[in-house]
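Novice: Chains as they are written, first to last, in my numbering: chain S, 1 to 148; chain U, 149 to 296.
Ideal Cβ positions, reconstructed from N, Cα and C, are used throughout, including at glycine.
Only a predicted model underlies this, so the values are computations on that prediction, with no experimental measurement involved.
Take this structure first; my questions come after.
Protein chains: 2
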Amino acid sequence: MGTNVICQVGLVVRDIEKMAKVYADVFGMDVPNVIITDPAEVSHIKYRGESTPARAKLAFFQMGNVSLELIEPVDGPSTWREFLDEHGEGVHHIAFQIKGMDRVLVYLEGKGISAVQRGDYTGGRYAYVDSAPSLGVILELLENLGKS
Amino acid sequence: MGTNVICQVGLVVRDIEKMAKVYADVFGMDVPNVIITDPAEVSHIKYRGESTPARAKLAFFQMGNVSLELIEPVDGPSTWREFLDEHGEGVHHIAFQIKGMDRVLVYLEGKGISAVQRGDYTGGRYAYVDSAPSLGVILELLENLGKS
């Protein structure tokens, strides 16, 4: 993996605007902006190897050194939608900042853990892997890409 | 609450020895010792206001500033057993170090969030609250108590 530093905890929710307000109230923080992931033409999102129109509404709270990410699935199919349908609201993933996405995915493949969703965001790319059977939770790999 | 720093992510699992080995392998860390929570006479554990013989096997991985806690329920009833029965393996809670347990529990009660399990451990005490309906995840409050 190259790291064991948890940088983010991702929570799938049904109503992100409502839940963001509850978090802000309980923890005494500002209500964050809710953003939406880029459309597929920009994000190049693939779910289980296939293109998908799925997007997600996102909101972030900085909680110490960890970012709490609220995720409301929009359309589907996606790992977010699948989790919500199977489990209801709850912690969907823990995330790690990695370097060398392809190398790390090959490493995890060697441990029997495959990518289930990949995509790009402004400044980087991500992958979710099917680690729930072996690790009890989905891992997300985040790789920030500087301009070259 | 007095803090918004996530200090621990707690994962309920079926076979802690097996999963601890997988984490150690995937992340290149040492396999931690598995401990068991104190018996009820020592931990004063209460679940939904009643004494319970429930215990848990625990193992910890330090992952950056966050501790990943693996939890295998032993006997019951407990919040750990309830989660495993309802959701299967997965992230059970996020935890915060607080000061003044009773004060924080009164504050959360005012937000409609009640304690569901409380107990003592060597050097401190804990409470889990029923925040899943409002925050999508159970919160754990941890209070370390110095010798006076």
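1. Please identify the residue among LEU108(S), VAL22(S), GLY76(S), LYS46(S) whose C-alpha is closest to the C-alpha of ALA56(S).
2. State yes or no: is the beta carbon of TYR23(S) nearer than 9 Å to at least one beta carbon in chain U?
3. Taking Cβ to Cβ, would you say HIS240(U) is nearer than 9 Å to LEU159(U)?
4. For MET167(U), which residues in chain C fall below 9 Å Cβ to Cβ?
5. Just to confirm, are MET211(U) and ASN4(S) a CB contact at a threshold of 9 Å?
6. Based on the DSSP output, what are the partners of PRO269(U) in its beta bridges?
7. Any C-beta of chain S within less than 8 Å: which residues of the segment 169-199 of chain U qualify?
8. Could you give the DSSP three-state label for LYS194(U): helix, strand or coil?
9. Would you kindly check if the distance between the Cβ of GLY123(S) and the Cβ of ASN285(U) is under 9 Å?
10. If we define contact as Cβ-Cβ less than 9 Å, is MET211(U) a contact residue for chain S?
11. For SER296(U), which residues in the same chain have their Cβ closer than 7 Å to its Cβ, ignoring the five residues on either side in sequence?
12. When you compare each of ILE113(S), ALA40(S), VAL13(S), ILE16(S) to ASP173(U) by their alpha carbons, which one comes out closest?
Specialist: The short version:
1. GLY76(S)
2. yes
3. yes
4. Absent from the structure is chain C; the protein chains it does hold are S and U.
5. yes
6. Reading the sequence as shown, one finds Tyr at residue 269(U) and not Pro. In the DSSP output, where bridge partners are listed per residue, TYR269(U) has GLY272(U).
7. VAL170, TYR171, ASP173, VAL174, PHE175, GLY176, MET177
8. strand
9. The sequence as given places Val at residue 285(U); Asn does not occur at that position. No.
10. yes
11. With a pLDDT of 49 at SER296(U), under the threshold of 50, the predicted position of this residue should be treated as unreliable, though the coordinate-derived value follows. Contacts found: none.
12. ILE113(S)
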